[in-house]
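Report on one structure; see the data block that follows.
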Amino acid sequence: EPFGTTMYDSLQATLEKRFSQGMQLNLSYTWSKTIGFQDNNDSGPAVRALNYWDRNRTVRGYDRPHNVQISQIWELPFGRGKSLATEGVASAILGGWQVNNILSFFSGTPFTVASNAASLNLPGSSQTADQVLPEVRILGGVGRGQPYFDPGAFAPVNQARFGNTGYNILRGPGFANWDFSLFRRFRMGERFALQFRAEAFNFTNTPHFNNPGTNVSSFNPSLTDPLRRFGGYTEITSTFNGVGRDGFDERQVRLGLRLSW
């Protein structure tokens, strides 16, 4: 180690409205692809045999082809110095508010459909499954007994050979997240200002799912109980906590006060 190389190519576009008339908006889009050498959790190449070295080269596990980020700041047009409700009760109630948004959308990450590597007889190498159907249907299930992709599209390999599939051939669930905040500023004389903040991370409480289980050798189609039949194969049973604040994926609300002078 290190072994192999990694190549990243992308198209990046940005649309920006600079802050004016109380509004700022930024939109960025990245279309990309990352190709490199597959590894076993950073412990070395997935295939440790020179005759099959090219099998290691594939789309990397962190590749996300589409990434859209939208951020916005909007000072509402009410209150003193604004265009609407500039005085009186309406100004006191509606003035000083600011709305902020961060929206994120990106593709899911790729994953490999695996098989038990015992028959491969190649210590340290990972085995891939045989694809037995011409097309792999993405069913979109979440939870125990609800397959994310067609479990019958693959079969385990019981011979001293590699499966007929490569690494990272399927892609997991995409990602959508909305962080929202509402601020209000109160003037306290000429020198001091107090800002109230209400912030919601993952405002819509949208779960961000991990990739499904991928070991086809865990699948036992003869069992009638769906909770035991899949053995984790094709099932999504967790969320991607690395995205949420402080390692949590569910909605979090935070209230605060900021004094400035």
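Plus 794 on top of the position in the sequence shown (first one is 1) and you've got the working numbering. Built from N, CA and C at the ideal position, the CB exists for glycine as well. Small disclaimer: the values here were computed from a predicted structure and weren't measured.
Run through DSSP, which three-state label would tyrosine 846 get?
Counting from 1 along the sequence shown, the entry for residue 846 is found at position 52. Three-state DSSP puts tyrosine 846 in a helix.
With DSSP as the reference, identify every bridge partner of arginine 981, one or two as the case may be.
Along the sequence shown, read from residue 1 onward, the residue named residue 981 stands at position 187. Its beta-bridge partners are Ala987.
Would the region 931-942 count as touching the region 974-983 if we require 3 or more Cβ pairs under 8 Å?
As far as the Cβ criterion goes, the region 931-942 does not touch the region 974-983, which means the pair count is below three.
Between which residues of its own chain and valine 951 is the CB-CB distance below 7 Å, once the five residues before and five after are set aside?
Here the question's residue 951 lines up with position 157 in the sequence shown. Excluding residues within five positions, the ones whose Cβ falls inside 7 Å are Ser909, Ser913, Gln921, Ala923, Asp924 and Gly957.
Mind checking whether glycine 873 and serine 865 have CB atoms under 8 Å apart?
Within the sequence shown, the letter at position 79 stands for residue 873. Within the sequence shown, the letter at position 71 stands for residue 865. No, these two residues do not count as a Cβ contact at 8 Å.
Just mark glutamate 869 as buried or exposed, buried being the case when its beta carbon has 16 or more other beta carbons within 10 Å.
The residue you call residue 869 lines up with position 75 of the sequence shown. When all chains shown are included, glutamate 869 counts as buried.
I'd like the ranges of any alpha helix (DSSP H) spanning at least 4 consecutive residues and lying wholly in the region 828-904.
List check, alpha helix (DSSP H) in window: 882-888.
Going by Cα to Cα distance, which pick from Thr799, Val841 and Thr808 is closest to isoleucine 829?
On the sequence shown, position 35 is the one that residue 829 refers to. It is Thr799.
Assuming contact is defined by CB atoms lying nearer than 8 Å, are glycine 966 and glycine 902 in contact in what I supplied?
Within the sequence shown, the letter at position 172 stands for residue 966. Within the sequence shown, the letter at position 108 stands for residue 902. Their beta carbons are under 8 Å apart, which means glycine 966 touches glycine 902 by this criterion.
So what's serine 919 in DSSP terms, helix, strand or just coil?
As a working mapping, residue 919 is identified with position 125 in the sequence shown. Three-state DSSP puts serine 919 in coil, outside helix and strand.
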